[in-house]
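Counting in the working numbering, the sequence shown runs from 65 upward without gaps.
C-beta atoms are modelled at their ideal positions from N, C-alpha and C, and glycine is treated no differently.
Here is the structure we will look at, set down as structure tokens.
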Amino acid sequence: MITLDDMSKVSECSVTGCAYNQSDACHAGAVTIAGGSGHAGCATFIPLTVKGGFEAAAAAVGACQHLECAHNTDLECAAPAIQVGLRGAANADCLTYAES
Ligand code: SF4
């Protein structure tokens with residue numbers, strides 16, 4: 065059985081405008097990475113003024129839709145950890161994305 069401990073973690077997120085971000089860490093239980101071609105966007109990003117998530121959470125990557133990423137296996141992330149940050153002006157993206 066797969067547990068949260070087995071899943072890739074969000075080791076850092078610099079998108080401070082996201083409701084789940086506190087001190088450059090993601091406090092969602094898990095994130096989904098989605099977005100179109102060449103844009104591995106964090107679909108969990110939500111720009112609210114309130115803060116949410118779990119206080120002690122180390123967010124996992126719950127799902128990733130980028131089959132073409134070198135770290136992707138069966139629509140799950142196999143990297144030990146990912147970093148999320150702004151790519152361009154407004155996109156909260158997985159910066160660990162690697163073309164295979
Ligand atoms: S590293 Fe690749 S497989 Fe892992 S979350 Fe980012 S885009 Fe998805």
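{"Query": "Express the C-alpha separation of A121 and A162 in angstroms, rounding to a whole number.", "Result": "26 Å"}
{"Query": "Confirm the yes/no value for this check: CB of A94, any heavy atom of the ligand SF4, distance under 7 Å.", "Result": "no"}
{"Query": "In angstroms, rounded to a whole number, what distance separates the CA positions of C77 and A94?", "Result": "13 Å"}
{"Query": "Flag H135 as yes when its Cβ comes closer than 7 Å to any non-hydrogen atom of the ligand SF4, and as no otherwise.", "Result": "yes"}
{"Query": "Short of 7 Å in beta carbon distance, which residues of its chain neighbour C106, apart from the five on each side in sequence? Order them along the chain.", "Result": "V95, I97, V148, A156, D157 and C158"}
{"Query": "According to DSSP, is D70 part of a helix, a strand, or is it coil?", "Result": "helix"}
{"Query": "Under a three-way DSSP split, which group does C82 fall into?", "Result": "coil"}
{"Query": "Report the residue from G116, H91 and D138 whose alpha carbon sits nearest the alpha carbon of A124.", "Result": "H91"}
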